[in-house]
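Notes follow the structure.
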Amino acid sequence: MPAELPAKQVLTNVTHLAEARRLLLQPGRGLLHALVSQLQSPNALRRLGSSGAIKNCVMSCEEDGTLESIIADRTLLEHMLRPISGKEPLEKEETVRECMAESVLVLAGTATGRDALWEAGAPEALRKG
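The letter at position 59 of the sequence shown is residue 59 when you use the UniProt record's numbering, and the numbering goes up by one with no holes.
Dropping the structure here:
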């Protein structure tokens, strides 16, 4: 078993807990930025783990009261759109694309999320993808 596989599973699984999601999304900690940067990693396991963790955070953002933390980070939104935008390099992992598509769908289901996605260029990115 690759050494990073457990880390990927832990990262995705720990974000099933509300406390972990709140910690990850806490402003000023830089944890979300570090996680988002892994969506561009050449390592598929890192991309899978970070996309799963981001998806878990987004899926529960209204319930957790963290929606504003997510949509305030334009970098996060742009990185979420990249795997499903069709831009080179294309994301090879279907699971990463699926996680980001589901996350964008959840955000688009809220008025503030739609506005943030619009400002991040989602309509154009999704048209090209």
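Positions of the beta carbon are idealized from the N, C-alpha and C atoms, including for glycine.
Quick caveat, the model's predicted, so the values are computed rather than measured.
Check: Cβ-Cβ separation, S85 to K128 (assumed contact under 8 Å), whole Å; Outcome: 6 Å
Check: Member of R22, L17 and L39 whose CA lies at the smallest distance from the CA of E93; Outcome: L39
Check: For residue 177, the three-state DSSP class (helix, strand or coil); Outcome: Outside the displayed span of the chain (1 to 129) sits residue 177, for which this structure offers no information.
Check: Separation of A44 from A53, as counted between CA atoms; Outcome: 14 Å
Check: Nonlocal neighbours in the same chain, by C-beta distance under 6 Å from T12, ignoring five residues either side; Outcome: G49, G52 and A53
Check: Extent of the continuous alpha helix (DSSP H) run through T95; Outcome: E94 to A108
Check: C-alpha gap between R29 and A72, whole angstroms; Outcome: 14 Å
Check: Distance between L67 and H16 (C-alpha atoms, nearest Å); Outcome: 16 Å
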